[in-house]
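Peer 1: Those protein sequences? They're chains A and B, same order as listed. So the first sequence is numbered by numbering that gives the first Met the number 0: it starts at 0 and just counts up by one. So the second sequence is numbered by numbering that gives the first Met the number 0: it starts at 0 and just counts up by one. Built from N, CA and C at the ideal position, the CB exists for glycine as well. Structure incoming, see below.
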Amino acid sequence: MTTGEAAAPGSGRLKRFLADQLRNIAPVFTLLALAVFFSIASPSFLTVDNAFNIMSQVSITGIIAVGLTFVILTAEIDLSVAAVANAVGITMAYFTLQPDYVNIANIPLPGIIAIVLTLLTALAFGLITAFGVTWIGIPSFIMTLAIMQIANGVSALLVRGQIAYSYPEFITMLGSGTIFGIRWTIVVCLLFLLVAHLVLTYTRFGRYVYMVGGNREAAEYSGVNVKLIIAAVMVICAMCSGIAGMLGVAYFGSAQQNQFDTFLLDAIAAVVVGGTSLFGGRGGIGNTIIGLLVLGVLNNGLDHIQIDSFLKILIRGLILLAALVINVYAQVLREKQASTD
Amino acid sequence: MAEDVIESGGGGHPPPLELVGVSKSFGGVAALRDVSFTLESGEIHGLVGENGAGKSTLMKIIAGVHTEFDGIMKIDGREVRLASARDALHNSIGMVHQELSVVPDLSVAENVFLGSQPVTAAGTIDWRRMNREAKKLIASLGLDIDPTTRMGSLPVGLQQLVELSRVLFSGARIIILDEPTSALSPPEVARLFGVLRKLRAEGHSLIFISHFLDDVIDISDRITVFRNGRKVATERVADLDKHKVIGYMIGRHSAELHMGEATELKSDDKKPIVLDVENASDGSVLESFSLSLRAGEITGVYGFMGCGQIELARMLFGKLPVWKGALKLDGRPVRFPSTAAARRAGIAYLPENRRMMLFRSEPVYKNVSIAILDRINRFWLKPDKERAITDAHIKDLQIRPPLNSALLGSLSGGNQQKVALAKWLTHLPKVLILSEPTRGMDVGAKEDVIRILKSLRDRGVAILVLSTEPETILTLADRVTVMKKGKVAREFAGRHLEKSDLLAAA
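Structure representation (structure tokens):
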């Protein structure tokens with residue numbers, strides 16, 4: 000959670016501090032409440048194994064959420080993340096030699112070339128989105144909706160309803176292997192979170208991301224190249240999604256159409272539940288980590304208490320709605336506070 | 000048309016509109032003091048005065064916008080208290096605003112009948128009748144416009160006349176026109192005046208409010224001049240000329256000249272030209288506008304609101320593209336595809352509204368450093384350095400409170416303006432552009448800003464000040480360009496300059 004300056008908790012300042020920090024405090028309490036609830040409700044929930052289990056379950060979502068955090072901080076949105084992850088994962092499989100029983104007319108290439116080509120595919124998706132949003136001026140909401148459909152189309156054309164099983168060795172290791180008993184996906188996800196946090200908090204680019212999100216017009220009148228910043232976050236997001244897709248297919252052990260469908264909602268929910276402002280400029284990787292854990296604990300905990308699996312879908316929706324209410328309310332509270340200054 | 004019952008008594012007709020001893024204040028500040036005003040039947044009455052002189056307050060009282068005031072308002076000799084703008088319309092008072100309230104995507108006829116479309120027996124809109132009536136109404140103004148045309152496709156001059164016909168259709172006999180010529184070309188002005196004279200001949204009474212004195216003198220029968228909330232004079236136009244009107248407006252006959260009433264322009268043609276604007280157009284307002292900014296000089300650009308100042312500033316800062324013409328920086332042609340490019344080339348800009356360049360919920364130091372982050376370091380942030388730089392500015396500019404971590408939104412307006420200025424002062428820009436640099440500031444902050452700008456000038460920065468307030472220009476400028484409808488109206492250099500010269504030129 001970012002920006003802790005100002006607001007020394009004093010007599011009347013406590014209220015202001017709370018108003019300012021609502022978006023950071025609420026998700027932490029949500030996480031604690033859920034953890035306590037599931038620990039009491041199920042004896043199998045609160046174990047070290049299960050903790051790693053939860054982390055492993057959110058690791059792929061986490062990599063996507065990292066990219067999405069950049070985008071949402073600038074007050075844009077990317078709805079194509081899951082579709083791009085899917086398309087990029089399938090592209091990688093397409094460039095890898097598949098077992099005989101896989102009936103896909105693909106182009107097998109050496110692993111390293113396949114990985115490079117696959118990363119370029121992710122880059123291409125990002126650049127197209129960036130071009131549409133900044134150069135043409137299509138709202139990101141609708142531009143990424145189009146990219147979502149295009150990415151789904153790429154997936155469909157490449158696998159044609161089949162399933163691929165083989166990937167470059169290196170990716171297979173990262174996606175399904177372990178190191179010292181910990182899954183590589185967790186390590187990769189933590190690495191992404193760490194680097195993103197450093198970039199957002201300690202670099203010039205990170206400052207620009209926050210300032211563009213905080214007041215785009217002011218950033219422009221301060222001589223910040225707003226279009227370049229927006230383009231950069233769209234590309235970063237697509238790259239994160241692509242890498243998540245590559246690890247994801249290896250994690251699942253198969254590459255097929257529509258297998259990332261739930262990741263769009265999960266990734267957006269992680270960022271927003273964590274407290275990053277939908278209006279941009281507030282929040283950060285700290286928030287996203289809490290959001291991911293809330294989501295992970297919720298999904299995992301609901302399995303432990305053996306709830307109707309159809310009800311799970313509804314509960315996730317309600318939790319997301321509650322988070323949205325808090326997110327927007329926190330913004331309103333802040334603005335009220337600012338206008339009474 | 001509305002019911003034209005003639006309510007004349009036995010003797011002389013009472014005037015259609017009369018105000019007696021009207022005063023109005025806003026939160027203890029008097030906007031109008033004891034103003035009496037009479038509008039005769041079949042008269043075009045010009046209303047002039049500087050910004051804040053009281054014209055618009057009076058107009059808003061007449062149009063039923065301000066309902067609380069002291070004094071008496073009479074329509075046709077009856078004392079009235081208007082409850083709302085709608086009520087004013089019921090009393091046959093209509094108004095055409097400077098910003099037209101037309102709906103561009105509807106047809107001309109729909110605009111004329113907006114809110115009161117004729118309906119058929121079935122309750123649907125009677126298009127044929129509406130188009131027929133609209134055509135008749137517009138033709139009665141001597142115009143030929145197809146009522147089915149989309150409003151937005153008409154030039155502004157015709158849109159204005161359609162709005163005027165809507166006001167007439169709703170039965171107005173007293174019509175207030177607010178700055179009706181500010182967006183019109185000379186032939187459009189001539190056409191408008193033709194229509195206004197026709198309405199006058201039909202017995203309508205018109206109030207014509209404008210900054211363009213030539214237009215007011217041309218069309219009015221009588222002119223009333225306001226200054227500082229008081230009516231200074233009402234005279235027949237035959238007894239007036241432009242200089243006499245300006246004299247009334249600024250009160251030249253009162254012996255003392257205040258600060259900002261006059262200045263000696265200290266322009267120096269030997270100083271090198273830094274930024275050259277050559278025949279630039281922005282594709283809408285600006286038309287082959289030329290201007291040269293010299294190092295160590297403050298160039299003032301004066302003009303009325305909407306004359307193209309804002310567009311000029313945005314163009315020089317890379318926010319708007321240069322449609323035609325060219326910019327030259329230090330003699331070399333330049334193009335700024337983004338504000339970032341303009342900033343890197345050494346152009347700095349303070350827009351007219353502080354909010355447009357400040358981050359209210361961020362601390363002061365982040366507001367100051369945003370424009371120079373790439374100079375502090377290319378990759379990693381150096382917050383300590385940012386704070387140190389900010390502290391230096393806080394000391395220099397006497398920003399209060401003197402805390403680099405105070406949230407910007409908690410500062411007063413004047414201090415916010417200083418923070419905005421501080422953005423551009425760490426590395427001196429070649430060109431500093433400011434729109435309305437002292438507007439809305441208290442005297443102390445105003446003097447600080449003036450002092451800062453003059454010291455920057457003395458350090459060799461080419462400064463461009465754009466303002467709609469003559470005082471601002473006269474206080475700061477070494478050289479003045481008067482702008483009118485996107486063009487250069489007049490240039491002043493190396494001479495004594497008075498407010499009246501500016502007003503006369505614009």
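Applying the criterion that 16 or more other CB atoms from any shown protein chain within 10 Å of the CB defines a buried residue, is THR180(B) buried or exposed?
Peer 2: Translated into positions along the second sequence, residue 180(B) becomes position 181. With 16 or more Cβ atoms within 10 Å of its Cβ, THR180(B) is classed as buried.
Peer 1: Could you list which residues in chain B have their beta carbon closer than 7 Å to that of MET210(A), in chain order?
Peer 2: Reading the first sequence from its first residue, position 211 is the one you call residue 210(A). Neighbours of MET210(A) on chain B, chain order: PHE358, ILE369.
Peer 1: Looking only at its own chain, which residues have a Cβ that is under 7 Å from the Cβ of ASN298(A), when we skip the five neighbours before and after it?
Peer 2: One-based indexing of the first sequence puts residue 298(A) at position 299. If we look at ASN298(A) and ignore the five residues flanking it on each side, its Cβ neighbours are GLN56.
Peer 1: Quick one: what does DSSP say GLY247(A) is sitting in, helix, strand or coil?
Peer 2: Taking the first sequence and counting its residues from 1, the one referred to as residue 247(A) is at position 248. Note: GLY247(A) maps to helix in three-state DSSP.
Peer 1: So, with DSSP's three-state summary, where would you put GLY228(B)?
Peer 2: Start at 1 with the first residue of the second sequence, and residue 228(B) comes out as number 229. Here GLY228(B) sits in coil by DSSP.
Peer 1: Would a C-beta distance cut-off of 8 Å place SER451(B) and VAL464(B) closer than the cut-off?
Peer 2: In the second sequence, the residue the question calls residue 451(B) occupies position 452. In the second sequence, the residue the question calls residue 464(B) occupies position 465. Note on residue identity: the sequence assigns Ile, not Ser, to residue 451(B). No; because the gap between Cβ atoms is not below 8 Å, this pair is not in contact.
Peer 1: Who are the Cβ neighbours of HIS196(A) in its own chain at under 6 Å, not counting the five residues just before and after it?
Peer 2: In the first sequence, counting from the first residue as 1, residue 196(A) sits at position 197. ILE284, listed in sequence order.
Peer 1: Closer than 7 Å, Cβ to any Cβ of chain B: which residues of the stretch 172-206 of chain A, in chain order?
Peer 2: Listed by position, the residues of the stretch 172-206 of chain A near chain B (Cβ gap below 7 Å) are TYR201, THR202, ARG203, ARG206.
Peer 1: Between ALA84(B) and GLY53(B), is the Cβ-Cβ spacing less than 8 Å?
Peer 2: Taking the second sequence and counting its residues from 1, the one referred to as residue 84(B) is at position 85. Taking the second sequence and counting its residues from 1, the one referred to as residue 53(B) is at position 54. Not a contact, by the Cβ cut-off of 8 Å.
Peer 1: For ASN286(A), tell me which candidate among GLY61(A), TYR164(A), ILE127(A), LEU33(A) has the shortest Cα-Cα distance.
Peer 2: Position 287 of the first sequence holds residue 286(A). ASN286(A) has its Cα closest to that of GLY61(A), out of GLY61(A), TYR164(A), ILE127(A), LEU33(A).
Peer 1: Just the Cα atoms here: how many angstroms apart are ARG542(B) and VAL161(B)?
Peer 2: Lying before the first or after the last residue shown, residue 542(B) is absent from chain B, which here runs from 0 to 505.
Peer 1: Report yes if the CB atom of PHE491(B) is closer than 8 Å to the CB atom of LEU264(B), and no otherwise.
Peer 2: Taking the second sequence and counting its residues from 1, the one referred to as residue 491(B) is at position 492. Taking the second sequence and counting its residues from 1, the one referred to as residue 264(B) is at position 265. Result yes, Cβ atoms of PHE491(B) and LEU264(B) sit closer than 8 Å.
Peer 1: So what does ARG478(B) bridge to, in DSSP terms?
Peer 2: Taking the first residue of the second sequence as 1, we reach residue 478(B) at position 479. Answer is THR298(B), ALA492(B), bridged to ARG478(B).
Peer 1: So, is PRO185(B) buried or exposed, given that buried needs 16 or more other C-beta atoms within 10 angstroms?
Peer 2: The count along the second sequence starts at 1 and reaches residue 185(B) at position 186. It is exposed - the Cβ of PRO185(B) has fewer than 16 other Cβ atoms within 10 Å.
Peer 1: Between the Cα of GLY51(B) and those of THR298(B), VAL224(B), GLY330(B), spot the shortest distance and give me the residue it belongs to.
Peer 2: Looking up residue 51(B) in the second sequence gives position 52. Nearest C-alpha to GLY51(B): VAL224(B).
Peer 1: With 8 Å as the threshold, decide whether the Cβ of LEU433(B) is near any Cβ in chain A.
Peer 2: Within the second sequence, the letter at position 434 stands for residue 433(B). It does not: the Cβ of LEU433(B) has no partner Cβ on chain A nearer than 8 Å.
Peer 1: May I ask you to report which of helix, strand or coil DSSP gives GLU109(B)?
Peer 2: Within the second sequence, numbered from 1, the residue matching residue 109(B) stands at position 110. Note: GLU109(B) maps to helix in three-state DSSP.
Peer 1: Would you list, in chain order, the members of the stretch 329-356 of chain B that have their beta-carbon closer than 9 Å to a beta-carbon of chain A?
Peer 2: Going along the stretch 329-356 of chain B in chain order, one finds SER337, THR338, ALA339, ALA340, ALA341, ARG342, ARG343, ILE346, ALA347, TYR348, LEU349, PRO350, ARG354, MET355, MET356 with a Cβ nearer than 9 Å to chain A.
Peer 1: So, helix, strand or coil for ASP69(B), using DSSP?
Peer 2: Residue numbering aside, residue 69(B) sits at position 70 when the second sequence is read from its first letter. Of the three classes helix, strand and coil, the one that applies to ASP69(B) here is strand, per DSSP.
Peer 1: Can you tell me whether GLY9(A) is helix, strand or coil according to DSSP?
Peer 2: Numbered from its first residue, the first sequence carries residue 9(A) at position 10. Bear in mind that the predicted position of GLY9(A) carries a pLDDT of just 49, short of 50, making it too unreliable to give a figure here.
Peer 1: Shorter than 8 Å from the beta carbon of ALA266(A) to some beta carbon of chain B?
Peer 2: As a working mapping, residue 266(A) is identified with position 267 in the first sequence. It does not; no Cβ of chain B falls within 8 Å.
Peer 1: Can you list, in chain order, the residues of its chain with a C-beta nearer than 6 Å to that of ALA243(A)? Leave out the 5 residues immediately preceding and following it.
Peer 2: Locating residue 243(A) in the first sequence gives position 244, counting from the first residue. So the qualifying residues of the chain are ILE59, ILE62, ILE63, ALA84.
Peer 1: Residues in the stretch 215-242 of chain A with C-beta within 9 Å of chain B's C-beta atoms, listed in sequence order?
Peer 2: From the stretch 215-242 of chain A, only GLU216, ALA217, ALA218, GLU219, TYR220, SER221, GLY222, VAL223, ASN224, VAL225, LYS226, LEU227 have a Cβ closer than 9 Å to chain B.
Peer 1: Examine chain B for any beta-carbon lying closer than 8 Å to the beta-carbon of ARG22(A), and answer yes or no.
Peer 2: Here residue 22(A) is taken as the residue at index 23 of the first sequence, counted from 1. False, the Cβ-Cβ gap to chain B never drops below 8 Å.
Peer 1: Measuring only the C-alpha atoms, how far is THR143(A) from LEU118(A)?
Peer 2: For the purposes of this step, residue 143(A) is identified with residue 144 of the first sequence, where counting begins at 1. For the purposes of this step, residue 118(A) is identified with residue 119 of the first sequence, where counting begins at 1. Approximately 19 Å, taken between the alpha carbons.
Peer 1: Taking only beta-carbon positions, decide if ARG333(A) is within less than 8 Å of chain B.
Peer 2: Position 334 of the first sequence holds residue 333(A). Yes, because at least one Cβ of chain B sits closer than 8 Å to the Cβ of ARG333(A).
Peer 1: Mind checking who ASP580(B) pairs with in its DSSP beta bridge?
Peer 2: Residue 580(B) lies beyond the stretch modelled for chain B, which goes from 0 to 505, so this question has no answer here.
Peer 1: Compare the beta carbon distance of GLY317(B) and ALA279(B) with 8 Å and say whether it is the shorter of the two.
Peer 2: As a working mapping, residue 317(B) is identified with position 318 in the second sequence. As a working mapping, residue 279(B) is identified with position 280 in the second sequence. Contact: no.
Peer 1: How far does the alpha helix (DSSP H) with THR148(B) in it reach, from first residue to last?
Peer 2: In the second sequence, the residue the question calls residue 148(B) occupies position 149. Careful: THR148(B) lies outside any alpha helix (DSSP H) and carries neither H nor E.
Peer 1: Please decide whether GLY136(A) counts as near chain B, where near means a Cβ-Cβ distance under 8 Å.
Peer 2: Locating residue 136(A) in the first sequence gives position 137, counting from the first residue. So, not an interface residue.
Peer 1: Suppose you measure from the CA of LEU190(A) to the CA of VAL271(A); what does that come to, to the nearest Å?
Peer 2: What you label residue 190(A) is simply residue 191 of the first sequence in a count that begins at 1. What you label residue 271(A) is simply residue 272 of the first sequence in a count that begins at 1. Spanning the two alpha carbons is a distance of roughly 21 Å.
Peer 1: With a threshold of 8 Å between beta carbons, is GLY213(A) in contact with chain B?
Peer 2: Mapped onto the first sequence, residue 213(A) falls at position 214. So, interface residue.
Peer 1: Helix, strand or coil: which one does DSSP assign to ASP213(B)?
Peer 2: Position 214 of the second sequence, counted from the start, is the residue given in the question as residue 213(B). In this structure, ASP213(B) counts as helix in the three-state DSSP scheme.
Peer 1: Excluding the five sequence neighbours on either side, which residues of its own chain have a C-beta within less than 7 Å of the C-beta of ALA269(A), listed in chain order?
Peer 2: On the first sequence, residue 269(A) is found 270 positions in, with the first residue counted as 1. Taken in chain order, the residues that qualify are THR60, ALA64, THR287, GLY290, LEU291, LEU294.
Peer 1: Quick one: list the residues of chain A neighbouring ASN376(B), beta-carbon separation under 8 Å, in chain order.
Peer 2: For the purposes of this step, residue 376(B) is identified with residue 377 of the second sequence, where counting begins at 1. The answer, in chain order, is ARG203.
Peer 1: Just how far apart, CA to CA, sit ALA266(A) and LEU67(A)?
Peer 2: In the first sequence, counting from the first residue as 1, residue 266(A) sits at position 267. In the first sequence, counting from the first residue as 1, residue 67(A) sits at position 68. Taking the straight line from one Cα to the other gives about 7 Å.
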